[in-house]
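**Q** My structure is below; once you've seen it, I'll send some questions.
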Amino acid sequence: MVLRSQPLGESDRIVTFLTRSAGKVRAVAKGARRSKRRFGSNLEPLSRVRLHYFEREGSDLARIEAADLLESFYRLQEDPERGAILACMAEVADAFAREQQEDESYFRLLHAVVRAVRDGMDLDLAARYFEIWTLRLHGVLPSLSSCARCGNELGARGGVYDRREGGVLCRRCAPGRPPGGVVLPGQAVEAAGDILRRAPEALIGREVAAHGLAPLADLAEVVFFDLTDRRFKSYEVLRALRGSG
Ligand SMILES: [Zn+2]
0 MVLRSQPLGE SDRIVTFLTR SAGKVRAVAK GARRSKRRFG SNLEPLSRVR LHYFEREGSD
60 LARIEAADLL ESFYRLQEDP ERGAILACMA EVADAFAREQ QEDESYFRLL HAVVRAVRDG
120 MDLDLAARYF EIWTLRLHGV LPSLSSCARC GNELGARGGV YDRREGGVLC RRCAPGRPPG
180 GVVLPGQAVE AAGDILRRAP EALIGREVAA HGLAPLADLA EVVFFDLTDR RFKSYEVLRA
240 LRGSG
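Each residue of the sequence shown is one higher than the one before, starting from 0 at the first, in numbering that gives the first Met the number 0.
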């Protein structure tokens, strides 16, 4: 699946893919800027293609021989808000996918969530789904069901994410809010449980209240930042878009 496509010089593009069998691959599409004939819209973000490429000695940039379109999600992105949410997912995937290392479960996650969005999954739920599973698949998701200190179930009272501990504490262990921490009410713990137990297509048609999902967005933002030391540009774009709407 195409994550990103950037111009290179007058006539070429550098395209970043999340592949099923080789993790993240960056490759040059010769002539993709000058002529639409060879690649058409196959290299648009989130297109799923059968990719033929050559690795080049002494370079981490491969060279694309062919990219045959298997599934296009181009039209989905015509809706600005949906396009912005999908761009967030592509940017997160670009940051977390490992280069040239098999990561089939991450490929399957991205594909399943994008398909569920196409089939009507709530956009915010889809975004939270992708974030939480991104952390889970890369071994960095704190437990969202039990307290990191005493082990008690968080349940309906929820908990608080403590950045220094890198874990969620129950209300007894953390009565206040630690600096930079994120309060996770019971509804957020419940929404996270749904996300972790079900496939994205099983959540199509499900409505989750904003006060259940918004704290999970804050949690992902804090954990992403602590891991990658960056804020994702696409999230700023989404925020600006919603602020102006
Ligand atoms: Zn506790």
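By construction, the Cβ of each residue, glycine as well, lies at the ideal position given by its N, Cα and C atoms.
What you are looking at is a predicted structure, and each value in this text was computed from that prediction instead of being measured.
Rounded C-beta distance between L168 and R148? I'm assuming under 8 angstroms.
**A** The Cβ separation is near 5 angstroms, so the contact holds.
**Q** Secondary structure at V207, three-state DSSP: helix, strand or coil?
**A** Residue state, collapsed to three classes: coil.
**Q** So the candidates are Y160, A83, L134 and D123; which of them puts its Cα closest to the Cα of S145?
**A** The option with the nearest alpha carbon to S145 is Y160.
**Q** Determine the extent of the alpha helix (DSSP H) in which S104 is found, giving its start and end residues.
**A** Run containing S104: E103 to R117, per the alpha helix (DSSP H) assignment.
**Q** Which residue wins for smallest C-alpha separation from L75, given the options E98, G165 and V112?
**A** It is V112.
**Q** With a cut-off of 8 angstroms, do at least 3 Cβ pairs link the segment 92-103 to the segment 63-83?
**A** The answer is no - the segment 63-83 does not touch the segment 92-103, with fewer than three Cβ pairs under 8 angstroms.
**Q** Looking only at its own chain, which residues have a Cβ that is under 6 angstroms from the Cβ of G166, when we skip the five neighbours before and after it?
**A** The answer, listed in chain order, is P141 and A147.
**Q** Can G211 and E189 be called in contact, C-beta distance under 8 angstroms?
**A** Yes, the Cβ-Cβ distance between G211 and E189 is below 8 angstroms.
**Q** At least one CB of chain C closer than 8 angstroms to the CB of M88: is that the case?
**A** No chain C is present in this structure, which holds just one protein chain.
**Q** Within 8 angstroms, do at least three Cβ pairs link the segment 205-223 to the segment 173-184?
**A** Segments in contact, yes.
**Q** Quick check: what's the CA-CA separation for T133 versus G39?
**A** If I take the Cα positions, the gap works out to 30 angstroms.
**Q** Relative to the alpha-carbon of Q186, which residue among G154, G175 and A201 has its alpha-carbon at the smallest distance?
**A** Measuring from the Cα of Q186, the nearest candidate turns out to be G154.
**Q** For F248, name the three-state secondary structure that DSSP assigns.
**A** The requested residue 248 does not occur in the structure, where the chain is confined to residues 0 to 244.
**Q** Less than 7 angstroms separating the Cβ of N41 from some heavy atom of ligand 1?
**A** Because no heavy atom of ligand 1 lies under 7 angstroms away, the Cβ of N41 does not count as near it: no.
**Q** When DSSP builds the beta bridges, which residues end up paired with D67?
**A** The partner list for D67 (beta bridge, DSSP) reads R49.
**Q** In angstroms, rounded to a whole number, what distance separates the CA positions of F53 and L60?
**A** Answer to the nearest angstrom: the Cα atoms are 9 angstroms apart.
**Q** Our contact map puts D225 next to R163 with C-beta atoms below 8 angstroms; I'd like the distance itself, whole angstroms only.
**A** With a Cβ gap of about 10 angstroms, D225 and R163 do not count as contacting.
**Q** Do Y105 and L17 have their C-beta atoms closer together than 8 angstroms?
**A** A contact, by the Cβ cut-off of 8 angstroms.
**Q** What are the start and end residues of the alpha helix (DSSP H) that includes G82?
**A** From DSSP, the alpha helix (DSSP H) with G82 extends over P79 to F95.
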